[in-house]
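In my numbering, the protein residues as written are 57 to 214.
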């Protein structure tokens, strides 16, 4: 329906922004990503209990932060990374799925790297420690490597 089309538009604008970023078209990248963020925020406002839409917003914010960092706009990038982490933390707190925690781990890493680039080493270390604690927690909850793959078994059955 309409929600899916709106979500697809956000994804498309984010993809266009990333493509512009790869081609060093910084202004075009930022414009596409700002539009994607605005649409994603509207979706989250309209459907606040949908974690998938919040996850989409966090991802687009992360992409925007990366584009800003690439363009040398580190102060703005730090703000966008911080917001992406905040959104992802709320998702994990509400429904701690390992996939969301994995994305949160990546966003912590990106944020820490940008903080270090900005000379904020103490805060970068603090964020990296939070990430390392999260990774350690994920290792505890991960099934053993030799455990049977239940999803693969259930998918192969008719």
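We put the beta carbon where it would ideally sit given N, CA and C, even for glycine.
Because the structure is a prediction, the values reported are computed rather than measured.
Identity of the residue in the options nearest residue i by Cα
| i | options | result |
| --- | --- | --- |
| residue 102 | 191, 59 and 128 | 59 |
| residue 164 | 145, 176, 178 and 82 | 145 |
| residue 150 | 174, 170 and 106 | 106 |
| residue 66 | 104, 85 and 112 | 112 |
| residue 125 | 169, 152 and 141 | 169 |
| residue 175 | 152, 134 and 188 | 134 |
| residue 104 | 188, 152 and 143 | 143 |
6 Å Cβ shell around residue i - same chain, five flanking residues per side excluded
| i | result |
| --- | --- |
| residue 116 | 70, 92, 93 and 96 |
| residue 99 | 62 and 109 |
| residue 82 | 127 |
| residue 85 | 73, 76, 77 and 123 |
| residue 141 | 163 and 167 |
With 16 other Cβ atoms within 10 Å as the buried cut-off, status of residue i
| i | result |
| --- | --- |
| residue 119 | buried |
| residue 131 | exposed |
| residue 122 | buried |
| residue 79 | exposed |
| residue 64 | exposed |
Spatial neighbours of residue i in its chain, beta-carbon cut-off 8 Å, leaving aside the 5 residues before and after
| i | result |
| --- | --- |
| residue 158 | 194 |
| residue 138 | 167 |
| residue 190 | 157, 160, 161 and 164 |
| residue 212 | Only weak support exists for where residue 212 lies, its pLDDT of 42 falling under 50; the coordinates are left without a value. |
Where residue i falls: helix, strand or coil (DSSP)
| i | result |
| --- | --- |
| residue 232 | Outside the displayed span of the chain (57 to 214) sits residue 232, for which this structure offers no information. |
| residue 118 | helix |
| residue 151 | coil |
| residue 57 | coil |
| residue 73 | helix |
| residue 128 | coil |
| residue 175 | coil |
| residue 195 | helix |
| residue 98 | helix |
| residue 138 | helix |
Same chain only: Cβ atoms within 7 Å of residue i, ignoring 5 sequence neighbours per side
| i | result |
| --- | --- |
| residue 180 | 168, 171 and 172 |
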